[in-house]
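This report concerns only the one structure given below.
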Amino acid sequence: MQQGTARWVPLAMIVLFVLSAAVSMRGDRTPAAIGVDAPATVFSATRAATVLARVLGDEQPHPTGSAANAQVRARIVAELARIGVQAQVQRRFACGGSTCATVENIVARIPGESAEQAVLLAAHYDSVGAGPGASDDGAGVATLIESARALLAGPPLARDVWLLASDGEELGLIGAEAFVREPEFARIATVINLEARGTRGASLLIETQPGNAQIIAAMRRALPRASGSSLDYEIYRSLPNDTDFSVFRREGREGLNFAWAEGAARYHTPLDNLAHLDRGSLQHHGDNALSMTRELAGRAPGAAADADDGAAQDAVFFSVFGATFAAWPVALNPFLLALGLVLWLALGVRLVRRGSRPAALASASIALLALLAVLAGLGWGVHALLQTLGAMPAMWTAQSALLVTTFVALALPAMLLGGYAVQRWCGLPALALASLLPFAIVAVAAVAAMPGASYLGLLPLLAAGICAHFVPGRAVLWSGIAAVVAAGLWFPYAVDSYAAIGHPGLTATTLLSGVIVLPLLPALLSLRRTAGPLALAGLAVAFACAMLALARPAFDADVPRPANLLYAGGSDSARLYLQPRATMPAGFMRQAGFADVSRPVTAWLGWGYPGAEGPALSAPTLQVESDIIRDGRREIAIRVSSSRAASEGGLMVPGDIEVSAIRVQGQPLAPSRWHAESTRWRRIAVVGLPPEGAVFEFESAPGREIELYGYDRSAGIPPAMAAELLERDAVAMPIHGGDSTVAWQRIAVAEVPQAQK
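Going by full-length UniProt numbering, the sequence shown opens with residue 1, and the numbers climb by one from there.
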């Protein structure tokens, strides 16, 4: 009886492991879009998409300050009026961390029983210059309007709800910077911000704020199947990304930042359009926004939904198979870690008493860590090889599924081969115990340095430890339990590393897959006639998918090759440059008239492949308005104006200039984490440059000659070079700011100032 049961344990663990990995991906699924016949109090993605189509009109890019942006703004105001909300447009000159502009925020209020501790529902309506911004962030604006309609159809709320469609987010969060200075912002207690970094995917909670336990508890009540985790929050904080929520959080507001992130190849391109917007993602956005607004605005101001000190605590939180949302206070982490480590170490003692040699346990632990290091190197090597062969010419390509499958499958044969050797040398119990070591290391490191990630190590360690002390002799069972838990928690991150950061994340895919498989090795190796064929199957799948990725075109009609054209120069000469964010086809550069080697356009304007020369550009005018010494500091003011009526003008100042002393049209720059970065040149810009120009003020030490560059930038390239627009290949498209023309002028400010006080 026991022998028969034992034979079934490995198979049961493998089946549960596969099911856990498969079901874990439910968190990435989106709900079905609800139709227009839905009850009035329900969010309907179909209604929201209809609103968005009217707002975007002809789907032209509408960056801040453009005529197209003014048209979009007018349509948003009209859509709010259509549902009975009267909006005001707040026109303000404000600065982000490096760029200033006159922004026009759309602000409205849905009255509640109290005006205090209001809830802000926010999205931005400006787009980048390259695309129409249907997802980023037209979907957020449409969600805001449809949510407002549903709120008005329901009973009055306890608190006011403010609506903000901000301008200038793509320029550097300028609309948010303007809004936090408005008197309305003083009444805001909580913010729900809506964003997108792609055209589809689940609406994930990507960001909260320190002391988030109370708002996470509110989210668990309102969104029992929420997507996202405290690890997502930890990862987001480490990435070079900011949204309007960054400004609101800096100003001490609590809140939730929701975004989707799949389809990143279309992000900030012409394909961020209505045709590629996933309505399931829009429905998920709306479900999150409407439910959380009702939850947060439905409580009377001052009502405590949680413990008195709940707002001061951080939470560990994560989705469990997309079916429920788990959380615990970060303060519990040290106790859970201590319990997990004690259980693991005590298990080692029990295994020694059952006949395992201490040297074998130690050797197995060292060997498995070495195996993971080898696996990481293997993933890196295969990545480098495929990149050299041309399979990954851009961050995101059309063979994404093939590439992810390649790097997931790559882990299986390597882990089986290494695990087999460890089992032969050290024994099955030693292999099983050592397979928990990576989770113990992750748990210790996360509790110490990244508490939001602690559950990834703690839960597999605790699950195996508790199970093992009931059945210490069933190593296949308790290590398999750790593998099942790890698959449910880790597998989405292994698969989504590519979606999150592009092809560099594929090396992490192989390593994470190896860590997940590690505690399953005792079960896999127990099926002796199956382990070998499994290893060969994994190798065959990895090889086949890699070959298919090499054979399939990297770009197509839905996944464009990102490349911008830049026409740059001054009054002497100007030249066209190609600035691809992807490897161009072999021979294309020469056929299209571009050099084969990229070089700096200027010392401060980035790199590009030189192309045809064209007509000279009228350079911007730089004029020293004042240059004085006051209280031992040199104060300089430079006016930059454009003779060709360019929409943007700016000044490049040396990187050691003190940022806190810089003023643009009298306005200081907003605080930014990027100000601390060391750089040779710092760009300070004004979008919507007035005809008379803009004045840039900064301070410097006396007795120093200062080299400055003034520039102006306009969208597109001159008509004389219009034929060159065809020089991109058929699947290449502009990205981010799009094609542009830049002219510049150098000025040297002498060591001796004009005046002295």
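From the three backbone atoms N, C-alpha and C, an ideal C-beta is built for every residue, glycine too.
Span separating the alpha-carbon of residue i from that of residue j
i: Y567; j: G614; result: 9 Å
i: E699; j: F335; result: 52 Å
i: L371; j: L437; result: 13 Å
i: G606; j: H268; result: 19 Å
i: D572; j: R590; result: 25 Å
i: G502; j: V495; result: 11 Å
i: I662; j: F696; result: 7 Å
i: L163; j: P111; result: 11 Å
i: E177; j: D712; result: 24 Å
i: P63; j: H124; result: 11 Å
i: R279; j: P132; result: 17 Å
i: F321; j: A108; result: 38 Å
i: L416; j: A540; result: 14 Å
i: S319; j: G710; result: 50 Å
i: D308; j: E104; result: Any reading at D308 must be qualified, since the residue scores a pLDDT of 44, below 50, and its modelled position is unreliable; the value itself is stated next. Cα to Cα, D308 sits roughly 39 Å from E104.
i: A12; j: R474; result: 13 Å
i: V141; j: S20; result: 36 Å
i: A311; j: P504; result: Confidence is the limiting factor: at A311 the pLDDT is only 49, short of 50, which leaves the residue's position unreliable, though a coordinate-based value still follows. Spanning the two alpha carbons is a distance of roughly 37 Å.
i: A748; j: T102; result: 29 Å
i: residue 766; j: A544; result: Summary: the structure shown does not reach residue 766, with the chain confined to residues 1 through 757, and so no result is reported for it.
i: A531; j: V330; result: 40 Å
i: A327; j: L527; result: 37 Å
i: H383; j: A637; result: 50 Å
i: F43; j: L121; result: 15 Å
i: P562; j: G263; result: 14 Å
i: T406; j: T41; result: 46 Å
i: A323; j: P654; result: 53 Å
Residue i - DSSP class collapsed to helix/strand/coil
i: W8; result: helix
i: W604; result: coil
i: A305; result: Only weak support exists for where A305 lies, its pLDDT of 45 falling under 50; the coordinates are left without a value.
i: S435; result: coil
i: W425; result: helix
i: V141; result: helix
i: E699; result: strand
i: P413; result: helix
i: A557; result: coil
i: A300; result: coil
i: R279; result: helix
i: R599; result: strand
i: F594; result: coil
i: P690; result: coil
i: T324; result: strand
i: T621; result: strand
i: P111; result: coil
i: S20; result: helix
Minimum Cβ-Cβ distance from residue i to chain B less than 7 Å
i: H383; result: You won't find chain B in this structure, because it holds only one protein chain.
Start and end residues, alpha helix (DSSP H) containing residue i
i: Y125; result: Counting along the chain, Y125 falls outside any alpha helix (DSSP H), and DSSP gives it neither H nor E.
i: V549; result: Per the sequence shown, residue 549 should be read as Ala rather than Val. R528 to A551 is the extent of the alpha helix (DSSP H) around A549.
i: E234; result: S230 to S238
i: T269; result: Where T269 is concerned, there is no enclosing alpha helix (DSSP H), given that its DSSP letter is neither H nor E.
i: S363; result: P358 to L389
i: P334; result: N333 to R353
i: I206; result: Segment L204 to E207 is the beta strand (DSSP E) holding I206; no alpha helix (DSSP H) there.
i: V320; result: Note, V320: premise wrong, no alpha helix (DSSP H); beta strand (DSSP E) at A315 to V320.
i: A730; result: Careful: A730 lies outside any alpha helix (DSSP H) and carries neither H nor E.
i: D244; result: D244 to R250
Range covered by the beta strand (DSSP E) that runs through residue i
i: E254; result: E254 to W260
i: Y711; result: I706 to A715
i: A217; result: No beta strand (DSSP E) contains A217, which is instead part of the alpha helix (DSSP H) from A213 to A222.
Residue(s) in a DSSP beta bridge with residue i
i: Y567; result: L576 and T741
i: P610; result: Y577
i: I106; result: V89 and A165
i: A582; result: A394
i: A118; result: I188
i: I747; result: L708
i: A101; result: A94 and V687
i: R294; result: According to DSSP, R294 bridges with nothing at all.
| said: So within the stretch 443 to 513, which uninterrupted alpha helix (DSSP H) runs reach at least 4 residues, ignoring any that extend past its ends? | reply: Restricting attention to alpha helix (DSSP H) runs no shorter than 4 residues, the stretch 443 to 513 encloses them at 454 to 468 and 475 to 501, ordered along the chain.
| message | Quick check for students: name the residue ranges of the alpha helix (DSSP H) that lie wholly in the stretch 31 to 91, counting only runs of 4 or more. | response | Inside the stretch 31 to 91, DSSP marks whole alpha helix (DSSP H) runs of 4 or more residues at positions 45 to 56 and 67 to 82, from first to last along the chain.
| field | 3-residue-minimum beta strand (DSSP E) runs that sit fully inside the stretch 623 to 685, ordered along the chain | value | Runs found: 633 to 641 and 648 to 654.
| Residue ranges of each alpha helix (DSSP H) within the stretch 156 to 198, 4 or longer | If only complete runs of 4 or more residues are kept, the stretch 156 to 198 shows the alpha helix (DSSP H) at 169 to 172 and 174 to 179, in order along the chain.
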